[in-house]
Every structure is written in C-alpha cells, then in structure tokens.
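Visitor:
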Amino acid sequence: MALLWPMLRMAAANWRNVAVVDDRRRYTYREIIGGGFFMADHIEQATAKQHIGILLPTSGAFPIALLGTWLARRVAVPFNYLLTPDELAYVIADSGVDTVITAKPMLEFLGGTDKLPPHIKLVCMEDLDFTGVPPLRWPPVLSDDELAVILYTSGTSAKPKGVMLTHGNLHSNVEAGIVHAGITQAQTFLGVLPQFHSFGLTAMTLIPLRGGCKVVYAARFNPRQIVELLRQHRPALFMAIPSMYSALLALKDAEAQDFASVRMAVSGGEPLPNAVYEAFLDRFNVRLLEGYGLTETSPVLNWCTPDAAKRFSVGRALPGVDIAILDENGRILGLEEDGEIVVAGPNVMRGYYNLPQQTQDAFVNLPRSTTAHHDGAATTTKRFFRTGDIGKLDADGFLYITGRKKEMLKVGGEIVVPREVEEALALHPSVRDAAVIGQRDDLRGEIPIAFVELNEGHEFNQAALRDWCRQRLAGFKVPREIHRLDALPRNPTGKILRRQLASILAMRD
Numbered sequence: 128m129a130l131l132w133p134m135l136r137m138a139a140a141n142w143r144n145v146a147v148v149d150d151r152r153r154y155t156y157r158e159i160i161g162g163g164f165f166m167a168d169h170i171e172q173a174t175a176k177q178h179i180g181i182l183l184p185t186s187g188a189f190p191i192a193l194l195g196t197w198l199a200r201r202v203a204v205p206f207n208y209l210l211t212p213d214e215l216a217y218v219i220a221d222s223g224v225d226t227v228i229t230a231k232p233m234l235e236f237l238g239g240t241d242k243l244p245p246h247i248k249l250v251c252m253e254d255l256d257f258t259g260v261p262p263l264r265w266p267p268v269l270s271d272d273e274l275a276v277i278l279y280t281s282g283t284s285a286k287p288k289g290v291m292l293t294h295g296n297l298h299s300n301v302e303a304g305i306v307h308a309g310i311t312q313a314q315t316f317l318g319v320l321p322q323f324h325s326f327g328l329t330a331m332t333l334i335p336l337r338g339g340c341k342v343v344y345a346a347r348f349n350p351r352q353i354v355e356l357l358r359q360h361r362p363a364l365f366m367a368i369p370s371m372y373s374a375l376l377a378l379k380d381a382e383a384q385d386f387a388s389v390r391m392a393v394s395g396g397e398p399l400p401n402a403v404y405e406a407f408l409d410r411f412n413v414r415l416l417e418g419y420g421l422t423e424t425s426p427v428l429n430w431c432t433p434d435a436a437k438r439f440s441v442g443r444a445l446p447g448v449d450i451a452i453l454d455e456n457g458r459i460l461g462l463e464e465d466g467e468i469v470v471a472g473p474n475v476m477r478g479y480y481n482l483p484q485q486t487q488d489a490f491v492n493l494p495r496s497t498t499a500h501h502d503g504a505a506t507t508t509k510r511f512f513r514t515g516d517i518g519k520l521d522a523d524g525f526l527y528i529t530g531r532k533k534e535m536l537k538v539g540g541e542i543v544v545p546r547e548v549e550e551a552l553a554l555h556p557s558v559r560d561a562a563v564i565g566q567r568d569d570l571r572g573e574i575p576i577a578f579v580e581l582n583e584g585h586e587f588n589q590a591a592l593r594d595w596c597r598q599r600l601a602g603f604k605v606p607r608e609i610h611r612l613d614a615l616p617r618n619p620t621g622k623i624l625r626r627q628l629a630s631i632l633a634m635r636d
C-alpha cells in the first residue's frame, strides 16, 4: 500500500493539531493536507507532464508540494539547490520536468529565470491562493510499484544520478522506521536536514507526518538558532550530521539542560568521530545514536535506538531489511568479517533513471538460504543492492561500517581504511575534523594524504600531527602529507567530497 492514504487518515485524526513549525509560520494538519489538495489542482492546470520539479527550502511548503504532486498522481523530483546552476540544468533536462514548484527567493539557485529553458513553467507558492475550501478530489489509489520520487544524488559521480523510489519503497521505510524507533504522536521532531535529500525527506518529513507528530524545521543550520529551538519546543528527536554536532559543541553558552528533552539524537551521513561522541556525552549527557542508509534504500537501513545501541555501530537493521557481507569474489562472509555490505528489502530502489546498465551493475542475486536474515520464502535467490560500503555484522545483528570500497587505499600491498587514520587525527586537540585520500606513488602504489580542519585558537603543525599518528598507527598508515583547510568540502548531508580533495591536491602539486 502506498503512503498517501495512511498520511491522509492520520491528518484527519489530527485535523487541528500543529503539524509543522518553520522559520515563517505554523501549519496545522488541516493546512498541510488542504494545501496539498490546492496544489494538486494547480499542478493539473500547469502541465500534463508526469514529473514535477520541487525547489523549496526546508519548510512546511515542501510537504504541501509533495502531497499535491501525489494527489495529482505525478512523480516528485526534488531539486538539490546546492548544486551549481549547470548541474541543476542537467537535472531538469534529464528528469524531463517542465514545471517547477518553488518560492521566489529560491530562483537564484537556478542562476535566474533568464537562464531557464523557455519551456520551463514556474509555480511560485507566494502567488497561489490557499484560502477557503480546497478543490476536493478522491485521492488516487497508488500501487507499491508506482514511482513516487526521483532523487538526484551528488558528489559521487561526474553527473547526478536519478534514484527512482516507488510509493512502496517509501511506505515500507516509513512504517519500519516508526516501529523500529518507537515513534509516538506525543513526540516532537527538530529537523535541519534538506528535504531534497532522502534523509530529510523520509526521516524528517514523512515519518513525523505519518506518525501524527509535530516537526520543527530550520531552513538553514545555525547552531544558536538550533539551541533556541531546543529550548522552545523541547523535541524528543533530533537528527543531524556529525559536523553539525561538532558545531553545537563550539557554542559556549549551550548547556545540558538544553538537550534534556531529546530522547534520540541521531547522527548520519558520515561516520561519527569518537571525539565528538565523547564530548557530547560528557558535556550534554547525550549519547549520539548512529544510523545508516543510502538514497537508494529510501534511505534508512540501520538505526541505533536508546534501547539497542553499541558504540561504533550503526545499529540493527529495520524490519524487513536483509543484510549480507560479501568478499571480493562475491562469497558471503561470516560474523565479524569485513566485506562489502549488500542489502535487500521493500525499501530498495527500482533503479537509476535513464541508466539501465548502472542499474544492472548495482545489484547481485544471492541464495536466500545464506543471507543474514533469512525470511523462509520459497524462491531460491534474492536481489541485493551493492552499497559500496565496507562493514561487518556481529552476533547480535549490529552492523559496523569500516570504510568505503572505492576509498580504501592499497599502500605497498597493505590495505588502509581512511576512517582509521581520520579517527587518529581527530583525537589530536588541534583537529576538528579530518579526511584522508590516496595519491598515486611509483614505489608504494598509493600513499595516504590527509586534510584537516582545526579547532579555533590552534596552530597548524604538520610534523606534530604526523608524530601523533606514528604513535597510534602502523607506519604505512601514517599520512605522507597533511594539509590544512578552513573547511572540508562536503555535500548537503555532510559526506566529504573526496573528489574535490583530489582536485585540491592536484592544484597544489
């Protein structure tokens, strides 16, 4: 069953309750759903095309546009407004949209209206009338296999790839997330993640609305504003990326009492540095809980909860998610053995839009009887998605991420996992964050090169940092060079853009 009808039923049961608070106003469930009905009518008047672009800030306007798209039985294409105008132009062309739901301040991200193709129609929400009784319609009965959204990834390839997620994908992930994390209507969410990204879409938009919760949005991450929102709204759930938690630690006037209401402070997008974890626990008495997922998996796969968490683990799999670990030859490994993480379940994408070969390459068929979470079905094989991440499972079903397959270095025949070196560097008092990439070397094949962000008031000392690493790492893992950056390049969910680090290194050489 698609997610639309359960969300409408939840809205009907919470008609007068506050659904969303954003930087501009409050929305009741009636206003969110009613706005969706208005938006569906506007969409049908604007275009007959199936794909509808959405270019909006993190706010209550986004679920209105999304629900309107689904009520009109169309496919939403949320635009990553942090892409360059040229990249956005590629997404517009590749997705085939001719209509974009937006707000006037967002048009600058497109490079101005004069740079848009002449066939593109803009539906600016400020110009629409949402007063009175919306034009009612019977909501469509959407099947699990129908396409719901196309989310374009960034930072991992030369061009963004469109990930096709069905209504069944999203519905399964939302329902499993609510059960796994014990979400109740009494809980308030605090959201700072962009809704064009799968994490912000599912975990911070669809889950709270389906759960009948209140969600508070900040369009931009400002540490001081986040603390004020924590004090004002007393949320139970807060989800952010590691660099955001690090920035909150830098606030001198933030206190443990500010976080007293938070039942789950979830960290995702990138590995959580142990220094940040320990500092948050020590200063705010908050244990950060790691989760794991990908755009291709709607996105949540694993999630540590207050009742089921282990340090350095991303938690147990959500209900319905199967996980296996493969070696380089495609053989399924046992417990505590590192290999590529492959996943299966109703939340796994249909494929990449307009990329049939990449879709085919992204999956592997495995015998059901040897998977980590055998469900007893009669068929002999199951289709698993290759995550490209390296990890291991323990006897309790907890998953540990140990690296990225594409990021692993081979130094003189020895494997070096960047995360291990980054963790060592992050323990130094001067280092706020670190990233390690490989550089080709005629003698050793590759050598590790590190980039660091420094904490305020500290001087950069390459020799001291290399000595620090020598005391904690095998010699072949010690970075040959360490470079200082004011800020490591990241995508909107905090993932370090290693391709940009390679470009920076090439320019310096």
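Residue numbers (the numbering used here): 128 to 636. Every residue gets a Cβ at the ideal spot worked out from N, C-alpha and C, and that includes glycine.
Could you have a look at aspartate 93 and say whether DSSP puts it in helix, strand or coil?
Guide: Examination of residue 93 is not possible in this model, given that the chain is present from 128 through 636 alone.
Visitor: Less than 8 Å between the C-beta atoms of alanine 345 and isoleucine 353, yes or no?
Guide: Translated into the one-based positions of the sequence shown, residue 345 becomes position 218. Translated into the one-based positions of the sequence shown, residue 353 becomes position 226. In this structure, isoleucine 353 lies closer than 8 Å to alanine 345 by Cβ.
Visitor: Write down every uninterrupted run of the beta strand (DSSP E) in the segment 452-485 whose length is 3 residues or greater and which is fully enclosed by it, in chain order.
Guide: You should have 466-471.
Visitor: So does the segment 150-157 actually touch the segment 177-187, counting three or more Cβ pairs closer than 8 Å?
Guide: Yes, since at least three Cβ pairs between the segment 150-157 and the segment 177-187 fall closer than 8 Å, the two stretches touch.
Visitor: Can you look up lysine 341 in the DSSP assignment and give me helix, strand or coil?
Guide: What you label residue 341 is simply residue 214 of the sequence shown in a count that begins at 1. Strand.
Visitor: With distances taken between CB atoms, is the gap from isoleucine 574 to leucine 628 smaller than 8 Å?
Guide: Here residue 574 corresponds to residue number 447 of the sequence shown, with the count starting at 1. Here residue 628 corresponds to residue number 501 of the sequence shown, with the count starting at 1. Taking 8 Å as the Cβ cut-off, isoleucine 574 and leucine 628 do not qualify as a contacting pair.
Visitor: Please list the terminal residues of the continuous beta strand (DSSP E) segment that includes methionine 371.
Guide: Residue 371 sits at position 244 when you count from the first residue of the sequence shown. From DSSP, methionine 371 is part of no beta strand (DSSP E) but of the alpha helix (DSSP H) over 369-376.
Visitor: Quick check: what's the CA-CA separation for glutamine 484 versus valine 469?
Guide: Here residue 484 refers to the residue found at position 357 when the sequence shown is read from its first residue. Here residue 469 refers to the residue found at position 342 when the sequence shown is read from its first residue. The straight-line gap from Cα to Cα measures roughly 18 Å.
Visitor: Please classify arginine 201 as buried or exposed, where buried requires at least 16 other C-beta atoms within 10 Å of its C-beta.
Guide: Here residue 201 is taken as the residue at index 74 of the sequence shown, counted from 1. Answer is buried; the Cβ neighbour count reaches 16.
Visitor: Glycine 327 to leucine 320, Cα distance in whole Å?
Guide: Translated into the one-based positions of the sequence shown, residue 327 becomes position 200. Translated into the one-based positions of the sequence shown, residue 320 becomes position 193. Each residue's Cα considered, the two are about 5 Å apart.
Visitor: Could you say if the segment 553-564 and the segment 572-588 meet the contact criterion of at least three C-beta pairs nearer than 8 Å?
Guide: Segments in contact, yes.
Visitor: Report the partner residues of valine 543 according to the DSSP bridge assignment.
Guide: Taking the first residue of the sequence shown as 1, we reach residue 543 at position 416. In DSSP, valine 543 forms a bridge with Leu536.
Visitor: Less than 8 Å between the beta carbons of isoleucine 170 and alanine 203, yes or no?
Guide: One-based indexing of the sequence shown puts residue 170 at position 43. One-based indexing of the sequence shown puts residue 203 at position 76. Contact: no.
Visitor: Quick one: what does DSSP say tyrosine 208 is sitting in, helix, strand or coil?
Guide: Here residue 208 is taken as the residue at index 81 of the sequence shown, counted from 1. Reduced to three states, the DSSP call for tyrosine 208 is coil.
Visitor: So, does the segment 474-484 touch the segment 422-430, judging by three or more C-beta pairs under 8 Å?
Guide: Yes, the segment 474-484 touches the segment 422-430.
Visitor: DSSP state of serine 425, grouped into three classes?
Guide: As a first step, residue 425 must be located in the sequence shown, where it is residue number 298. Coil, per DSSP.
Visitor: Can you check whether the CB of lysine 532 is closer than 8 Å to the CB of glutamate 467?
Guide: Counted from its first residue, the sequence shown places residue 467 at position 340. Counted from its first residue, the sequence shown places residue 532 at position 405. Yes. Within cutoff.
Visitor: Do the segment 229-239 and the segment 163-179 make contact, defined as three or more Cβ pairs closer than 8 Å?
Guide: As far as the Cβ criterion goes, the segment 229-239 does not touch the segment 163-179, which means the pair count is below three.
Visitor: With contact counted as at least three CB pairs below 8 Å, one residue from each stretch, are the segment 245-258 and the segment 449-468 in contact?
Guide: Contact fails: fewer than three Cβ-Cβ distances are below 8 Å.
Visitor: Measure how close the beta-carbons of glutamate 397 and isoleucine 576 come, nearest whole angstrom, since I'm counting them as under 8 Å.
Guide: The residue labelled residue 397 in the question sits at position 270 within the sequence shown. The residue labelled residue 576 in the question sits at position 449 within the sequence shown. The pair is not a contact, with the Cβ atoms about 19 Å apart (cut-off 8 Å).
Visitor: Taking the alpha-carbon of leucine 131 as reference, which of Trp197, Val147, Trp265 has the nearest alpha-carbon?
Guide: Taking the sequence shown and counting its residues from 1, the one referred to as residue 131 is at position 4. Out of Trp197, Val147, Trp265, Trp197 has the C-alpha closest to the C-alpha of leucine 131.
Visitor: Where do the ends of the beta strand (DSSP E) carrying valine 224 lie?
Guide: If you number the sequence shown from 1, residue 224 lands on position 97. Where valine 224 is concerned, there is no enclosing beta strand (DSSP E), given that its DSSP letter is neither H nor E.
Visitor: What is the rounded straight-line gap between the Cα of glutamine 359 and the Cα of phenylalanine 386?
Guide: Position 232 of the sequence shown, counted from the start, is the residue given in the question as residue 359. Position 259 of the sequence shown, counted from the start, is the residue given in the question as residue 386. One C-alpha to the other measures close to 11 Å.
Visitor: Beta-carbon within less than 6 Å of valine 276's beta-carbon, same chain only, minus the 5 sequence neighbours each way: which residues are those?
Guide: Here the question's residue 276 lines up with position 149 in the sequence shown. Ala203, Leu292.
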